[in-house]
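Student: To start, I am sharing the structure in question, which I have written as structure tokens.
Number of protein chains: 2
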Amino acid sequence: MTDSAVESTDRKILQLLASDGRMSFTDLGKATGLSTSAVHQRVKRLEQRGLIQGYGATVNHAELGLPLTAFVSIRPIDPSQPDDCPDRIRDITEIESCWSVAGTEAYLLKVRTATPAALEDLLGRIRNVANVSTRTTIVLSTYYENRPVTD
Amino acid sequence: MTDSAVESTDRKILQLLASDGRMSFTDLGKATGLSTSAVHQRVKRLEQRGLIQGYGATVNHAELGLPLTAFVSIRPIDPSQPDDCPDRIRDITEIESCWSVAGTEAYLLKVRTATPAALEDLLGRIRNVANVSTRTTIVLSTYYENRPVTD
DNA sequence: GGTGAAACCGGATACCT
DNA sequence: AGGTATCCGGTTTCACC
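Listed in order, the protein sequences are those of chains A and B.
Mapping to numbering that gives the first Met the number 0: the first sequence position 60 is 59, numbers consecutive.
Mapping to numbering that gives the first Met the number 0: the second sequence position 143 is 142, numbers consecutive.
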């Protein structure tokens, strides 16, 4: 069930934490007009309710040696066999995201590699392990990624 | 220039912060065998070098009232006119990510909306403001998103 | 770059409204 | 549910190696 009542103070807190995950409870309090402990309580509740799923640092993949980003569309080769593709590819570390999608293809992946050769190798592994065909779209430039969308 | 020398302690720190952006310097120290202040220095340096681009909370969009995720492929209608599509759509808040891509289409967007009707409205706004045609792929289910990929 | 100590500030909790 | 007071642990800075 979608426990929908997320009221405006909680939304504000979520928005602030989405754009600065290390903001202190004190600063969140100043921004929302609440005391530190009231904010503290609310954040813990938001974590428990699963509205905050976690916290992460955004890493510069290009500088880290993974300058190549691509989207891989996936279509099962044999429609009669059980489709457990997400399970089969779960341990491939280059895969950042995995969605199932509507349309002519079944899944969409977002992947990161060091070089075109590494991407080629990755595509081979995906095809082998999941018995699928792939269609790859290379990212030329990233304007922005994972901007907070809270309304 | 890509200042490539990111050695193993820094990589470890980046990996830990990518999966827990609120981890304390004390705990990072325990995990890396360094003192709190040494980790502190390293993290500040990683932030300044731009290897850490920021920190964010991961928000549950479905529970927040934005259960619909979609990818929108974009193609300019008039190839002769200046292509400033990313600038023109920058202020549309439903757009979470914007990439330029190789292939038959020019850009790829990831968007979040409350309902199919809101998606329809969003697509209209994108087409109007940027003079483009769109092709939309709806996400049926998200297995995982933004998993840390550090090697 | 690293350590360890000291001052300071934020997080966590108990208690009261 | 929110505020106040308190305690403890984390953050930050600095002198030294």
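Glycine included, each C-beta is placed from N, C-alpha and C at the ideal position.
Since we're looking at a predicted model, the values are computed, not measured.
1. With 16 as the cutoff for other CB atoms within 10 Å, does Ile-76 of chain B come out buried or exposed?
2. With a threshold of 9 Å between beta carbons, is Ser-140 of chain A in contact with chain B?
3. Quick one: using the 10 Å Cβ neighbour count with 16 as the cut-off for buried, is Thr-1 of chain B buried or exposed?
4. Mind checking Gly-49 of chain A: buried by the 16 CB within 10 Å criterion, or exposed?
5. So if I threshold CB-CB distances at 8 Å, which residues from the region 38 to 54 of chain A count as touching chain B?
6. Among the residues of its own chain, which have a CB less than 8 Å from the CB of Arg-41 of chain B, if the five just before and after it don't count?
7. How about Phe-70 of chain A: is its C-beta nearer than 9 Å to some C-beta of chain B?
8. Helix, strand or coil, according to DSSP, for Val-38 of chain B in the structure here?
9. Using the rule of at least 16 other Cβ atoms within 10 Å of the residue's Cβ for burial, across every protein chain shown, is Leu-65 of chain A buried or exposed?
10. Below 8 Å on C-beta distance, what does Asp-19 of chain A contact in chain B?
11. According to DSSP, Cys-97 of chain A sits in a beta bridge with which residue or residues?
12. Strictly under 9 Å for the Cβ-Cβ distance: is Ile-137 of chain B near chain A by that measure?
13. Taking Cβ positions, are Tyr-54 of chain B and Ala-56 of chain A nearer each other than 9 Å?
14. Determine, using beta carbons only, whether Phe-70 of chain B and Thr-136 of chain B come nearer to each other than 9 Å.
15. Determine the extent of the alpha helix (DSSP H) in which Ser-18 of chain B is found, giving its start and end residues.
16. Specify the secondary structure class of Pro-81 of chain A as computed by DSSP and reduced to three states.
17. Among the candidates B:Asp-90, B:Cys-97, B:Ala-105, whose CA atom is the shortest distance from the CA of Val-128 of chain B?
18. In terms of alpha-carbon separation, which member of A:Ser-72, A:Thr-92, A:Cys-97, A:Gln-47 lies closest to Thr-103 of chain A?
19. What do you get for Glu-93 of chain B, buried or exposed, if any count of 16 or more other CB atoms within 10 angstroms of its CB means buried?
20. Grab me the residues of Gln-80 of chain A's own chain with a C-beta within less than 6 Å of its C-beta, minus the 5 sequence neighbours each way, in chain order.
21. I'd like to know if Ala-116 of chain A contacts chain B, where contact means its C-beta is closer than 9 Å to some C-beta of that chain.
22. Output needed for Arg-124 of chain A: all residues of its chain with C-beta closer than 8 Å, excluding positions within five of it in sequence on either side, in chain order.
23. Cβ of Leu-107 of chain B within 9 Å of Cβ of Val-110 of chain A?
24. So, is the C-beta of Asp-77 of chain A closer than 9 Å to a C-beta in chain B?
25. Determine whether the Cβ of Ala-101 of chain B lies closer than 9 Å to any Cβ atom of chain A.
26. Pull the bridge partners of Pro-66 of chain A from the DSSP assignment, please.
27. Which value, in whole angstroms, describes the spacing of the CA atoms of His-39 of chain B and Thr-133 of chain A?
28. Check whether the Cβ of Val-131 of chain A lies closer than 9 Å to any Cβ atom in chain B.
Tutor: Reading from the atomic positions:
1. exposed
2. yes
3. Because the pLDDT at Thr-1 of chain B is just 45, under 50, the model does not fix this residue reliably, and the value given afterwards should be weighed accordingly. Exposed is the label assigned to Thr-1 of chain B, since fewer than 16 other Cβ atoms lie within 10 Å of its Cβ.
4. exposed
5. Arg-48, Gly-49, Leu-50, Ile-51, Gln-52, Gly-53, Tyr-54
6. Thr-8, Asp-9, Ile-12, Leu-33
7. yes
8. In the three-state reduction of the DSSP assignment, Val-38 of chain B falls in the helix class.
9. Buried is the call here.
10. Simply Gly-53, Tyr-54, Gly-55.
11. A:Leu-108, B:Tyr-143
12. yes
13. yes
14. Result yes, Cβ atoms of Phe-70 of chain B and Thr-136 of chain B sit closer than 9 Å.
15. 7 to 18
16. coil
17. Taking only the C-alpha atoms, the option nearest Val-128 of chain B is B:Asp-90.
18. A:Ser-72
19. buried
20. None.
21. no
22. Ile-91
23. no
24. At a cut-off of 9 Å, the C-beta of Asp-77 of chain A has no neighbouring C-beta in chain B.
25. yes
26. Answer is none; Pro-66 of chain A lacks a bridge partner.
27. 43 Å
28. Put simply, the CB of Val-131 of chain A is far from chain B, with every gap to its CB atoms at 9 Å or more.
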